[in-house]
Amino acid sequence: MRAQVAIIGAGPAGLLLGQLLYKAGIDAVILEQRTPEYVLGRIRAGVLEQGTVDILDLAGVGGRLHSQAMTHDGVEIGASGQRRRIPFKELVGKVVTVYGQTEVTRDLMDARAACGAPSIYEAESVELHDITTARPWVTFVHKGVKQRLDCDFIAGCDGYHGVSRRSIPAEALSVFERTYPFGWLGVLADVPPAWDELIYADSERGFALASMRSETRVRCYVQCSLDDKVENWSDEQFWAEFKRRVGDDVAARMTTGPSIEKSIAPLRSFVAEPMRYGQLFLAGDAAHIVPPTGAKGLNLAASDVFYLYEALTGYYKNDSRAALDQYSDRALRRVWQAVRFSWWMTSLLHRFPNEDPFFGRIRGSELEYLFKSDAAQRTLAENYVGLPL
Ligand code: RFL
Ligand code: PHB
0 MRAQVAIIGA GPAGLLLGQL LYKAGIDAVI LEQRTPEYVL GRIRAGVLEQ
50 GTVDILDLAG VGGRLHSQAM THDGVEIGAS GQRRRIPFKE LVGKVVTVYG
100 QTEVTRDLMD ARAACGAPSI YEAESVELHD ITTARPWVTF VHKGVKQRLD
150 CDFIAGCDGY HGVSRRSIPA EALSVFERTY PFGWLGVLAD VPPAWDELIY
200 ADSERGFALA SMRSETRVRC YVQCSLDDKV ENWSDEQFWA EFKRRVGDDV
250 AARMTTGPSI EKSIAPLRSF VAEPMRYGQL FLAGDAAHIV PPTGAKGLNL
300 AASDVFYLYE ALTGYYKNDS RAALDQYSDR ALRRVWQAVR FSWWMTSLLH
350 RFPNEDPFFG RIRGSELEYL FKSDAAQRTL AENYVGLPL
């Protein structure tokens, strides 16, 4: 088998790159270790920056998004029993789009199926070979048969646990990492949201986030300890804890219901540099992870993919390697802005176990400043809606 580009991973990064390349007439094969149902069953991101929506439009997959997604002009921040709305549109003239990662993935899968471009699901034991040569190749096992895919480039879009980053010698990578001493317990439920915009709430009992997927479906999170288990939380216990944290007025008017999905995610920041090794280019969670507090992970995956798409079209259409050579630096500049913002939002809104009293006071005064200062709100807004590409 041969393709110009071998894409490892059919998450949002791999599928989006596949669609952009297809539109540019560059052929790619996607290798994914799981089934499509498994990929669609992972409940993750919910907030898209305008830049991400523009890239989805460029890939020709924005149709359902534009008819079904909600746009939000702001978010609310809760602290000390009060809430402050951060009006994005008023402050920075931009909005965000609330549309689940599951829906983005479904739209991309449908578009790929409709154009007949090849995706091989349940591709096991994927291995990358000769990645520092002009003729890299990939092997994998499909339905018990070992296969070989020859290509010009490999796009490593296989997430944090994938094989691509691990195929780069450790001495060729610099890794920057921060783990946070807590996780998020998330619940998806078919009840109408009792909030018009997302609420990020700091409380004495820890952080909570009120989000949504539609007018009839909510996604809610509470900060939990790292050794906590989903089995420890009945739906009733989850909702009781969420209500204690989100604010009395919201708690009083909200409806609860059985969870459709419940999962725990640990929070971490992670960056591997550079995002290129020979003919292998990393994109999305394969190269970096941010804690979900800033809603940046999926958006970074989309911006990486856009830069990589520009680099590959530069090579195939204009015979230029310049953008390929600049890919890692260009992507990492944007990545670090999001890493910083996500770290800041996480530090501001979570109670750290055994919090240093000095840090506790600093956090409190930072929240107070955010509540009072237009400048602080504008900074949050500018980063949350997404810095320019
Ligand atoms: P993915 O989605 O992990 O996809 C990688 C794919 O690669 C496959 N794979 C392999 N395939 C072949 N061979 C191998 N050896 C392979 N190893 C792995 C995997 O099966 C998978 O299908 O990475 P991608 O495409 O880079 O996308 C990144 C996003 O999924 C991620 O950044 C976001 O979900 C992060 N995130 C959020 N991002 C936002 O922009 N806004 C949000 O509101 C937001 N909320 C969140 C989030 C992530 C969360 N969790 C669970 C970590 C909320 C949560 C709770
Ligand atoms: C979500 O809806 O799942 C969501 C929204 C905003 C975040 C993280 C997750 O910051």
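Heads up, the sequence shown is in numbering that gives the first Met the number 0, so the first residue is 0 and it goes up one at a time. Every residue gets a Cβ at the ideal spot worked out from N, C-alpha and C, and that includes glycine.
| Asked | Found |
| --- | --- |
| Where Q3 falls: helix, strand or coil (DSSP) | coil |
| Identified DSSP bridge partners for F269 | E176, I288 |
| Three-state secondary structure assigned by DSSP to W136 | strand |
| Contained alpha helix (DSSP H) runs [length at least 4] in the region 166-234, N- to C-terminal order | none |
| Touch test, the region 205-216 against the region 177-192, Cβ-Cβ under 8 Å, three pairs minimum | yes |
| Span separating the alpha-carbon of V162 from that of G155 | 8 Å |
| Neighbour-count burial assignment, G13, 16 or more Cβ in a 10 Å radius | buried |
| Rounded Cβ spacing between V94 and G45 (contact assumed at less than 8 Å) | That belief does not hold up - the Cβ atoms of V94 and G45 are roughly 14 Å apart, past 8 Å. |
| Rounded straight-line distance, which links the Cα of A122 to that of L57 | 28 Å |
| CA nearest to the CA of L187, picked from G256, F152, N231 | G256 |
| Among E235, D303, G182, R83, the one whose alpha carbon lies nearest that of E196 | R83 |
| Residue environment, R360, which counts as buried when at least 16 other CB atoms sit within 10 Å | exposed |
| Beta-carbon proximity check, A282 vs L16, cutoff 8 Å | yes |
| Under the three-state DSSP convention, the category E389 falls into | In the structure as shown, the chain starts at 0 and stops at 388, and residue 389 therefore has no counterpart that could be examined. |
| Top-ranked residue by Cα proximity to N390, from K261, D247, D129, S210 | The requested residue 390 is not part of the displayed model; the chain covers only 0 to 388. |
| Integer Cβ distance of D151 from Q278, believed to fall under 8 Å | 7 Å |
| Proximal residues to G205 (C-beta, below 6 Å), its chain only, five neighbours per side dropped | Q222, R350 |
| Euclidean distance between Cα positions of N353 and G296 | 28 Å |
| S262: CB within 7 Å of a non-hydrogen atom of the ligand PHB | no |
| For Y308, three-class secondary structure by DSSP | helix |
| Beta carbon nearer than 5 Å to a non-hydrogen atom of the ligand PHB | G45, V46, S210, R218, P291, A294 |
| Residue range of the unbroken alpha helix (DSSP H) whose run includes L127 | No alpha helix (DSSP H) contains L127, which is instead part of the beta strand (DSSP E) from 122-128. |
| Residue range of the beta strand (DSSP E) that includes L148 | 144-149 |
| Closer than 7 Å: D201 CB and nearest the ligand RFL heavy atom | no |
| Sub-8 Å separation of V289 and S233 beta-carbons | no |
| Contact check, P35 vs V103, beta carbons under 8 Å | no |
| Through-space distance from Y199 to G293, alpha-carbon basis | 10 Å |
| Range of the contiguous beta strand (DSSP E) that encloses R389 | This structure cannot settle anything about residue 389, because the visible part of the chain is limited to 0 through 388. |
| Residues sharing a beta bridge with E260, DSSP | L187 |
| Cα-Cα separation between V229 and P180, rounded to whole angstroms | 17 Å |
| Where A113 falls: helix, strand or coil (DSSP) | helix |
| At least 3 beta-carbon pairs within less than 8 Å: the region 71-85 vs the region 233-252 | yes |
| Residue nearest to T312 in terms of C-alpha spacing, selected from A27, M0, R1 | A27 |
| Anticipated Cβ contact below 8 Å, G385 with G50, distance rounded | 5 Å |
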